[in-house]
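Visitor: What follows is a single structure, and I will ask about it in a moment.
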């Protein structure tokens with residue numbers, strides 16, 4: 001089974017699932033939405049199929065996945081084609097001015113200019129980052145070289161049982177490992193540049209998807225492309241593509257797509273497929289990285305919050321703030337008691353270090369805030385957030401969708417600050433290593449929030465039904 005055939009089937013499967021959920025494309029913008037999100041869905045679906053259909057002898061994996069992907073892709077495209085609406089006459093969009101058109105094409109050229117060196121880096125460089133080859137690529141490479149699939153166990157079970165395998169991240173999610181194994185078996189060789197091409201495809205999916213979703217949410221063509229340029233020019237995002245192997249960009253893409261499709265559903269509640277896609281992206285987060293559980297919980301909580309009445313929302317906010325305050329009082333005021341209980345219950349055990357994790361105030365964790373504004377990783381993104389709050393506060397007051405995204409981002413930053421200031425993860429913030437990888441999970445969603453703040457106020461007649469209960 002050849003590598004190009006597997007890739008083609010995964011693209012057909014991903015785009016087919018998006019078309020089946022979001023409806024048959026009616027214009028070029030809708031096709032861009034299908035292409036961008038479908039590419040990401042195809043990667044996720046291919047990995048899930050590989051995990052579900054994993055044989056004992058891994059050489060059989062590509063054939064199994066190819067058959068399943070072909071059948072599912074054919075069913076999805078057929079379902080969408082049979083349910084396609086009759087073509088309806090639509091008013092042509094307002095033609096942009098010559099200056100706006102020139103600026104759009106110039107910005108697109110800059111985006112392409114950023115992509116060219118990334119293509120060369122991915123194509124020519126094997127896995128280079130530490131966590132890539134020391135954690136995320138160990139399992140698929142061992143499975144491929146041995147020709148057999150075997151589960152990894154904790155070190156104590158490995159010592160007690162013959163024929164088992166272990167590693168530092170033995171309990172990490174294996175979704176990306178399944179995809180790497182599938183591609184390696186399809187290629188018939190462990191060629192890392194080909195196995196890391198999904199990271200380049202992921203960036204293309206992120207850029208195309210963010211542009212198309214922003215346009216669907218009422219953002220102008222130029223601001224939407226400006227968001228794309230902002231993402232592709234972020235140094236740390238480029239690094240995670242050029243030095244492929246980490247899963248943080250995957251998590252960030254799933255977060256922003258889940259938010260974006262949920263906003264699309266609020267805008268058009270009759271399109272339930274948008275909600276299905278939003279839920280699907282959220283549910284995939286724990287399968288990518290363990291911290292994805294937190295983002296999934298925050299997304300689900302936000303969706304429940306938005307659909308309730310004013311009393312429900314006040315209760316949710318009150319309970320969340322009360323729980324946060326109670327937790328801080330317990331950790332800071334009764335530190336020894338809380339840590340003793342965590343140790344006794346086994347909740348403080350860590351798979352990375354022998355000593356149990358201890359909670360306590362660590363002011364060094366605040367370094368991540370200063371680094372987010374001063375480091376080169378994000379350019380001036382967080383300064384732009386402050387300017388948007390100062391200059392476009394009226395948009396935040398009038399636009400319920402922008403408020404919801406802002407609430408999610410605020411909740412995410414509260415989690416990060418608690419993590420860095422109350423746990424040993426404060427060392428990450430001070431050394432500025434893994435801390436910025438966690439911040440990256442919120443960066444595409446932050447860019448989406450910025451372009452929502454830049455758009456004109458939404459038409460109340462169009463959004464009243466979709467945002468009832470979120471004002």
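Residue numbers (full-length UniProt numbering): 1 to 471.
Note that beta-carbon positions come from the ideal geometry of N, C-alpha and C, so glycine has one too.
The structure presented is a predicted model; accordingly, all values stated were derived computationally and were not measured.
#1: For residue 42, which residues of its own chain have a beta-carbon under 6 Å away from its beta-carbon, when the five flanking residues on both sides are left out?
#2: Taking the CB atoms as reference points, tell me whether residue 137 and residue 51 lie closer together than 8 Å.
#3: Would you mind reading off the limits of the alpha helix (DSSP H) that contains residue 417?
#4: For residue 180, which of 197, 63, 72 and 165 has the nearest alpha-carbon?
#5: Given a cut-off of 8 Å on the beta-carbon distance, is the pair residue 190 and residue 144 in contact?
#6: Decide if residue 284 is buried, meaning its Cβ has at least 16 other Cβ atoms within 10 Å, or exposed.
#7: Determine whether the beta carbon atoms of residue 184 and residue 140 lie at a separation below 8 Å.
#8: In chain order, which alpha helix (DSSP H) runs of at least 4 residues are fully inside the region 167-200?
#9: Can you tell me whether residue 246 is helix, strand or coil according to DSSP?
#10: Counting beta carbon pairs with one atom in the region 193-210 and one in the region 418-432, are three or more of them shorter than 8 Å?
#11: Identify, in the order they occur along the chain, each residue of the same chain with its Cβ nearer than 6 Å to the Cβ of residue 158, setting aside the five sequence neighbours on each side.
#12: Are residue 385 and residue 446 touching if we call contact CB-CB under 8 Å?
#13: Looking only at C-alpha atoms, which of 222, 221, 311 and 115 sits nearest to residue 239?
#14: Would you decide whether residue 40 is buried or exposed? Buried here means 16 or more other CB atoms lie within 10 Å of its CB.
#15: For residue 354, I'd like the list of residues in its chain whose CB is within less than 6 Å of its CB, leaving aside the five on either flank, ordered along the chain.
#16: With DSSP as the reference, label residue 291 as helix, strand or coil.
#17: Go through its chain and collect everything with a Cβ distance to residue 316's Cβ below 6 Å, but skip five positions before and after it.
#18: Report the residue from 123, 400 and 23 whose alpha carbon sits nearest the alpha carbon of residue 302.
#19: Which residue wins for smallest C-alpha separation from residue 294, given the options 251, 275 and 312?
#20: Just the Cα atoms here: how many angstroms apart are residue 85 and residue 25?
#21: Quick one: grab the DSSP three-state call for residue 152.
#22: DSSP puts residue 165 in a beta bridge; with which residues?
#23: Specify, as a first and last residue, the run of the alpha helix (DSSP H) that residue 229 falls within.
#24: Nearest CA to the CA of residue 253: which residue from 202, 27, 81 and 291?
#25: Kindly indicate which three-state DSSP category residue 121 falls into: helix, strand or coil?
#26: Which same chain residues, not among the five before or five after residue 154, have their C-beta less than 8 Å away from its C-beta?
#27: Quick check: the Cα distance between residue 236 and residue 228, rounded to an integer number of angstroms?
#28: Do residue 451 and residue 233 have their beta-carbon atoms positioned less than 8 Å apart in this structure?
#29: In the region 300-334, which residue ranges form an unbroken beta strand (DSSP E) of at least 3 residues, counting only runs that do not cross its ends?
#30: Since residue 416 contacts residue 439 with CB under 8 Å, what's their CB separation in whole angstroms?
#31: Just the Cα atoms here: how many angstroms apart are residue 339 and residue 359?
#32: According to DSSP, simplified to helix, strand and coil, what is residue 57?
#33: To the nearest angstrom, how far is the alpha carbon of residue 242 from that of residue 200?
#34: Expressed to the nearest angstrom, what Euclidean distance is found between the alpha-carbon atoms of residue 132 and residue 176?
#35: Residue range of the alpha helix (DSSP H) that residue 37 falls in?
Guide: Let me lay it out:
#1: Cβ neighbours of residue 42 beyond the five flanking positions: 10, 11, 13 and 14.
#2: No, the Cβ-Cβ distance between residue 137 and residue 51 is not below 8 Å.
#3: Secondary structure note for residue 417: its alpha helix (DSSP H) is the uninterrupted segment 400-422.
#4: Looking at the Cα atoms, 197 is the closest of the given residues.
#5: Pairing residue 190 with residue 144 gives a Cβ-Cβ distance under 8 Å.
#6: Buried, because 16 or more other Cβ atoms sit within 10 Å of the Cβ of residue 284.
#7: In contact: residue 184 and residue 140 (Cβ atoms closer than 8 Å).
#8: 175-187 and 192-195, all fully within the region 167-200.
#9: Correct three-state label for residue 246: coil.
#10: Taking 8 Å as the limit for Cβ pairs, the verdict is that the region 193-210 does not touch the region 418-432.
#11: Excluding sequence neighbours, residue 158 sits near 164 and 166.
#12: A contact, by the Cβ cut-off of 8 Å.
#13: It is 115 whose Cα lies nearest to the Cα of residue 239.
#14: Answer is buried; the Cβ neighbour count reaches 16.
#15: With a pLDDT of only 46 at residue 354, under the threshold of 50, the placement of this residue in the model should not be trusted; the figure read from the coordinates follows. Contacts found: none.
#16: Of the three classes helix, strand and coil, the one that applies to residue 291 here is coil, per DSSP.
#17: Closer than 6 Å at Cβ, skipping near neighbours: 305.
#18: Closest option to residue 302, judged by alpha-carbon separation, among 123, 400 and 23: 400.
#19: Nearest option by C-alpha distance: 251.
#20: Separation of residue 85 and residue 25 (C-alpha to C-alpha, rounded to the nearest whole angstrom) is 10 Å.
#21: Three-state result, residue 152: strand.
#22: DSSP lists 152 as partners of residue 165.
#23: Secondary structure note for residue 229: its alpha helix (DSSP H) is the uninterrupted segment 221-232.
#24: Checked all of 202, 27, 81 and 291; the closest Cα to residue 253 is 202.
#25: Helix.
#26: Cβ neighbours of residue 154 beyond the five flanking positions: 166, 170, 171 and 351.
#27: Rounded to whole angstroms, the gap between the alpha carbons of residue 236 and residue 228 is 15 Å.
#28: It is not a contact, given that the beta carbons lie outside the stated cut-off.
#29: Listed in chain order, there is nothing to give.
#30: About 7 Å; that satisfies the 8 Å criterion.
#31: Counting only the Cα atoms, residue 359 lies some 6 Å from residue 339.
#32: Three-state DSSP puts residue 57 in a strand.
#33: Between residue 242 and residue 200, the C-alpha separation is close to 8 Å.
#34: If you take the alpha carbons of residue 132 and residue 176, they lie about 11 Å apart.
#35: Unbroken alpha helix (DSSP H) run through residue 37: 28-52.
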